[in-house]
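Visitor:
Numbering (UniProt numbering), first residue to last: 1 to 223.
1) On the three-state DSSP scale, how would you describe residue 95?
2) Helix, strand or coil: which one does DSSP assign to residue 160?
3) Counting C-beta neighbours from all protein chains within 10 Å, is the total for residue 179 16 or more, i.e. buried, or is it exposed?
4) On the CB-based measure, 16 or more other CB atoms within 10 Å of its CB, does residue 88 come out buried or exposed?
5) Would you be able to state if there are at least three C-beta pairs under 8 Å between the stretch 116-133 and the stretch 156-173?
6) Nearest CA to the CA of residue 80: which residue from 193, 93, 72, 73?
7) Considering only the beta carbon of each residue, do residue 109 and residue 95 sit closer than 7 Å?
8) Mind checking whether residue 212 and residue 145 have CB atoms under 7 Å apart?
9) Quick check on this structure: which residue in 159, 76, 138 has the alpha carbon closest to the alpha carbon of residue 152?
10) What is the DSSP secondary structure of residue 109, reduced to helix, strand or coil?
11) How would you call residue 51, buried or exposed, if buried means at least 16 neighbouring beta carbons within 10 angstroms?
12) In or out: residue 135 buried (at least 16 other Cβ within 10 Å) or exposed?
13) Which one or two residues does DSSP pair with residue 171 in a beta bridge?
14) For residue 35, tell me which candidate among 149, 62, 73, 68 has the shortest Cα-Cα distance.
15) Give me the Cβ distance between residue 165 and residue 129, rounded to the nearest whole Å; I'm assuming they're in contact under 8 Å.
16) With which residues is residue 104 paired in a DSSP beta bridge?
This is the structure in structure tokens:
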């Protein structure tokens, strides 16, 4: 997981004309990129997920791009915090994995007395600040061709162009409520199978995206 100070609400595709004079200069972008890469990782984990570490490093070595947040995809079991019968903001993580999980391990983490327990799969997501619209469109094409159909880009204040690479492979299922399990052990095993299948497909798309990016910039260097 990687998180820096950036607005991540950008999952729609830009289709309106943009005044290019408002876009960031190369010097301004280079300075902002340096600040982002030198900033502390604000994510809960505090580091880039291993499955996408080489992808993130590759992108950050290209002058026109800098990653601002990322997650390789993960299976999570968490419970909503409650105070005197009322939900409060936040949650407690019971289990998290960036790899496929064994149903027995996950089942052992369930304790309905902890609160309302939820099983969730979060797919790969990557936010990339781009030097300009042309650079953003190249990366967006790579994302769409790799199966990340929910990807999009937005131009923010001061000419900041941000691309969000994302898909709709997510899964979220409540497992317990008010101290009682809502699902049988057999159904829970079925849910784990679905989550593992989504994680596997997520990894395939991520690897394809990494390959497409490398092919694109290798071909550009040969021109």
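All residues carry an ideal CB built from backbone N, CA and C; glycine is no exception.
Bear in mind that the values here come from a model prediction, so they are computed numbers and not experimental data.
Guide: Working from what's here:
1) Within the chain shown, numbered from 1, the residue matching residue 95 stands at position 95. Three-state DSSP puts residue 95 in a strand.
2) As a first step, residue 160 must be located in the chain shown, where it is residue number 160. It is coil, neither helix nor strand.
3) Looking up residue 179 in the chain shown gives position 179. With fewer than 16 Cβ atoms within 10 Å of its Cβ, residue 179 is classed as exposed.
4) Position 88 of the chain shown holds residue 88. For residue 88, the pLDDT reaches just 46, beneath the cut-off of 50, and the residue's location in the model is therefore unreliable, leaving the point undetermined.
5) yes
6) Your numbering for residue 80 matches position 80 in the chain shown. Residue 93 is the option with its Cα nearest to residue 80.
7) If you number the chain shown from 1, residue 109 lands on position 109. If you number the chain shown from 1, residue 95 lands on position 95. Yes, the pair counts as a contact, with Cβ atoms nearer than the cut-off.
8) Translated into the one-based positions of the chain shown, residue 212 becomes position 212. Translated into the one-based positions of the chain shown, residue 145 becomes position 145. In this structure, residue 145 lies closer than 7 Å to residue 212 by Cβ.
9) Start at 1 with the first residue of the chain shown, and residue 152 comes out as number 152. Checking every option, the nearest Cα to that of residue 152 belongs to 138.
10) Locating residue 109 in the chain shown gives position 109, where the first residue counts as 1. It is coil, neither helix nor strand.
11) Sequence index remark: in the chain shown, residue 51 carries index 51 (1-based). Buried, because 16 or more other Cβ atoms sit within 10 Å of the Cβ of residue 51.
12) Here residue 135 refers to the residue found at position 135 of the chain shown. By the neighbour-count rule (16 or more Cβ atoms within 10 Å), residue 135 is buried.
13) Numbered from its first residue, the chain shown carries residue 171 at position 171. According to DSSP, which records beta bridges pairwise, residue 171 is partnered with 121.
14) Position 35 of the chain shown holds residue 35. Comparing Cα positions, the closest option is 68.
15) For the purposes of this step, residue 165 is identified with residue 165 of the chain shown, where counting begins at 1. For the purposes of this step, residue 129 is identified with residue 129 of the chain shown, where counting begins at 1. Actually they do not touch by this definition, with Cβ atoms about 12 Å apart.
16) For this step, residue 104 is matched to residue 104 along the chain shown. Residue pairing by DSSP leaves residue 104 without any beta bridge partner.
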